[in-house]
Amino acid sequence: SVEKRLYYEDRVQVSRLYIQWPTVGEKSDDRFALDVLGTILSGSRTARITKALVYDEQAAASVQSGQSSNEDVGEFILMITPRPGHTLTSLEAASEAIIERLKKEGPTAEEIQKAIAGEELDFVSYLESNLGKAFELADGAGYHNDAGYFRTAYQKTLSVTAEDVKRVANKYLTGGRVVLSVVP
267 SVEKRLYYED
277 RVQVSRLYIQ
287 WPTVGEKSDD
297 RFALDVLGTI
307 LSGSRTARIT
317 KALVYDEQAA
327 ASVQSGQSSN
337 EDVGEFILMI
347 TPRPGHTLTS
357 LEAASEAIIE
367 RLKKEGPTAE
377 EIQKAIAGEE
387 LDFVSYLESN
397 LGKAFELADG
407 AGYHNDAGYF
417 RTAYQKTLSV
427 TAEDVKRVAN
437 KYLTGGRVVL
447 SVVP
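Take a look at the structure:
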């Protein structure tokens with residue numbers, strides 16, 4: 267699969283880099299490891315890309331990454347907003363180096379533990395609202411023919427390993443991506 271590069275001028279205050287890799291939908295168990303991967307890359311102050319680009323180098327104003335799943339297909343997205351004086355090209359190269367290192371070494375046990383704790387907190391917080399409950403029940407019924415599927419999804423999230431994260435990073439974060447640069 268071939269990389270696509272898009273350059274888009276818009277009435278925006280600052281530039282932003284979007285990198286998107288095609289992944290899997292709701293019915294694939296790989297989505298749980300991809301969720302954890304997103305948290306390891308950008309979920310907290312100590313997440314790999316956030317720590318390096320936002321805090322250590324102060325090159326990015328913000329970083330977000332994560333898996334987004336539809337029924338049969340999904341995407342893993344990385345979004346980076348630069349600070350003044352830093353180019354999208356340099357931020358792309360820096361984030362790529364961080365991802366390549368993760369693909370080689372895999373995440374640490376501590377990263378897995380923290381990421382899963384974060385996923386768990388998000389999940390439980392989401393279920394506290396009636397809207398969250400309704401969405402979970404409807405998704406389970408619609409995608410898996412089981413309104414109670416959220417219990418299974420919860421267990422699958424808790425059982426993601428460092429090996430799972432390394433495997434999905436190597437399987438999906440490859441060349442067939444779309445790189446979009448949005449500039450003022």
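When you line the sequence shown up against the numbering used here, it's residues 267 to 450, in that order. Even for Gly, the Cβ is constructed at its ideal location relative to N, Cα and C. These numbers come from a predicted model, not from an experiment.
(request) Between the Cα of residue 368 and those of 305, 397, 324, spot the shortest distance and give me the residue it belongs to. (result) Counted from its first residue, the sequence shown places residue 368 at position 102. Among 305, 397, 324, the Cα nearest to that of residue 368 belongs to 305.
task = Could you work out which residue in 426, 437, 319 is closest to residue 386 when comparing CA atoms only?
result = Position 120 of the sequence shown, counting from 1, holds the residue named residue 386. When only C-alpha atoms are compared, the closest one is 426.
- Below 7 Å CB to CB, which residues in the same chain sit around residue 347 once its five sequence neighbours on both sides are set aside? By one-based count along the sequence shown, residue 347 stands at place 81. Closer than 7 Å at Cβ, skipping near neighbours: 280, 282, 326, 327, 328.
### Message
Within 8 Å, do at least three Cβ pairs link the stretch 432-439 to the stretch 362-378?
### Response
yes
| Identify the residues that DSSP records as bridge partners of residue 432: which are they? | Locating residue 432 in the sequence shown gives position 166, where the first residue counts as 1. Its beta-bridge partners do not exist; DSSP assigns none.
message = With a threshold of 7 Å on Cβ separation, who are the neighbours of residue 443 within its own chain once the five nearest residues in sequence on each side are excluded?
response = Sequence index remark: in the sequence shown, residue 443 carries index 177 (1-based). Answer for residue 443: 269, 285, 286, 287, listed in chain order.
Open item on the list: According to DSSP, is residue 341 part of a helix, a strand, or is it coil?
Closed with: Residue mapping note: residue 341 aligns to position 75 of the sequence shown, counting from 1. If DSSP states are grouped into helix, strand and coil, residue 341 belongs with the strands.
Three-pair Cβ contact test at 8 Å for the stretch 371-380 versus the stretch 339-358: no
| request: Can you give me the Cβ contacts of residue 297 inside the same chain, cut-off strictly under 6 Å, excluding the 5 residues immediately before and after it? | output: For the purposes of this step, residue 297 is taken as residue 31 along the sequence shown, with counting starting at 1. Excluding positions up to five away in sequence, the list reads 290, 333, 335.
Problem set entry | Cβ shell of residue 456 (< 8 Å), same chain only, five flanking positions each side left out | Only positions 267 to 450 of the chain appear in this structure, which leaves residue 456 out of reach.
If the criterion is Cβ atoms closer than 8 Å, does the pair residue 257 and residue 276 meet it?
The structure shown has nothing for residue 257, since the chain only spans 267 to 450.
Whole alpha helix (DSSP H) elements within the stretch 287-319, 4-residue minimum: 296-308
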